[in-house]
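Asker: Going by the working numbering, the letters in the sequence shown line up with residues -16 to 109, in that order. Just passing along the structure, written as structure tokens.
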Amino acid sequence: MASINIDNLAAEITLAVKEYTEDVSVAIAAEADRTSGEIVKDLREKSPRRTGEYAKGWTRRKEGGEGDVQYTVHNKNKPWLAHLLEDGHAKRGGGRVEGKPHIRPVAEKHIKQFEDRVRQIIRDGG
């Protein structure tokens, strides 16, 4: 164990906390990248298909800069169709079309896994 002068103790603690924070931030950003990719893959597999264009349209967009990265998962081919298929909708001649939940189950599964992995990253220090 290295000896530290008492005058440098505050600086050493600050440096250690800064390194920990940077390591955790990098690991969480990598986990967000991985999780968003898994969400897109699952949505492509579990989306309803008629022609397949809707299912193929799932993608992600990276937003924000360094240290504040966010991913938005969306359907680029038919964005207006997502809520209609997920929740159902009224038919033109009356009646309703039953919804086919495919977004919510995927999101809930991956959000839970992401939260667990982030907790583990924080415990492990990155």
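For every residue, glycine included, the Cβ atom is placed at its ideal position computed from N, Cα and C. Quick caveat, the model's predicted, so the values are computed rather than measured.
Just checking, does the segment 84 to 92 make contact with the segment 13 to 31 on the three C-beta pairs under 8 Å criterion?
Answerer: Contact holds: three or more Cβ-Cβ distances are below 8 Å.
Asker: Counting beta carbon pairs with one atom in the segment 42 to 61 and one in the segment 16 to 23, are three or more of them shorter than 8 Å?
Answerer: In short, these stretches touch, since the Cβ pair count reaches three.
Asker: Please say whether Val56 and Ala12 have beta carbons closer to each other than 9 Å?
Answerer: No.
Asker: Less than 9 Å between the C-beta atoms of Ala(-1) and Gly109, yes or no?
Answerer: Not closer than 9 Å, so no.
Asker: What number of angstroms, rounded off, separates the C-alpha of Ser(-14) from the C-alpha of Glu2?
Answerer: When rounded, the distance between both Cα atoms is 19 Å.
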